[in-house]
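All the letters of the sequence shown, read from the start, carry residue numbers 0 to 167 under numbering that gives the first Met the number 0.
Glycine residues also receive a C-beta, built at the ideal position from the N, C-alpha and C atoms.
Owing to the predicted nature of the structure, the values given are computational and were not obtained by experimental measurement.
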Amino acid sequence: MASLKLHGNAIQSLGTLPAPGSAAPDFNLVKGDLSTATLADYKGKKVVLNIFPSVDTGTCAQSVRQFNKEAAELENTVVLCVSKDLPFAQARFCGAEGIENVEMLSDFRDGNFGKAYQVEFTEGPLVPLHSRAVVVINEDGNVAHAEQVEEIADEPNYKAALEALMDA
């Protein structure tokens, strides 16, 4: 289990993120049109997984906005924003915010992503949502960077993720 905090209060997630250098776990996530996305769909591209509890919170929404801004300038890179929000809520948010450079994906069906990446909360008020994390995957499908944000209310280290992309 990973020990995290929500506004200073201890909470837990399943475990630790996949280690840099390891193969990124596959996933089945739901797109806005209710079709399925897998890691294999992005083979040959650099992938940023922006993982968070819900797009309807301030910090989560800001991470989507920030990665949307940064993604516009990245070559051969896709940013996947992953939560358990329904695809309809994700689409509503993107439409209202003018978000066009990231893909929103949902783990609402079976939670396989949260389990594979060990980000599902196991205790605390956010069970069974995902903790805040960023995983960068290189073109070969290996993890190049992984950050699980200890205080859920804090934003991820965007700079570290973007630097990892350059080296991936």
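First through last residue of the beta strand (DSSP E) which encompasses residue 53 = Membership of residue 53 in any beta strand (DSSP E) is not indicated, and neither H nor E is assigned to it by DSSP.
Member of 94, 85, 165, 135 whose CA lies at the smallest distance from the CA of residue 29 | The shortest Cα separation from residue 29 among 94, 85, 165, 135 belongs to 85.
Under the three-state DSSP convention, the category residue 160 falls into = Residue state, collapsed to three classes: helix.
Skipping 5 residues on each side, what residues in its chain have a beta carbon closer than 8 Å to that of residue 124?
-> Here the set comprises 5, 10.
First and last residue of the beta strand (DSSP E) that includes residue 122?
-> First-last of the beta strand (DSSP E) with residue 122: 120-122.
Span of the beta strand (DSSP E), counted from its first residue to its last, around residue 143 = Here the beta strand (DSSP E) through residue 143 covers 142-147.
Just the Cα atoms here: how many angstroms apart are residue 139 and residue 43?
-> So the two alpha carbons sit approximately 6 Å from each other.
Same chain only: Cβ atoms within 8 Å of residue 142, ignoring 5 sequence neighbours per side | The beta carbon of residue 142 sits closer than 8 Å to the beta carbons of 16, 17, 18, 19, 20, 21, 22, 23, 134, 135, 136 from its chain, once the five residues preceding and following it are set aside; these are given in chain order.
With distances taken between CB atoms, is the gap from residue 81 to residue 33 smaller than 7 Å?
-> Not closer than 7 Å, so no.
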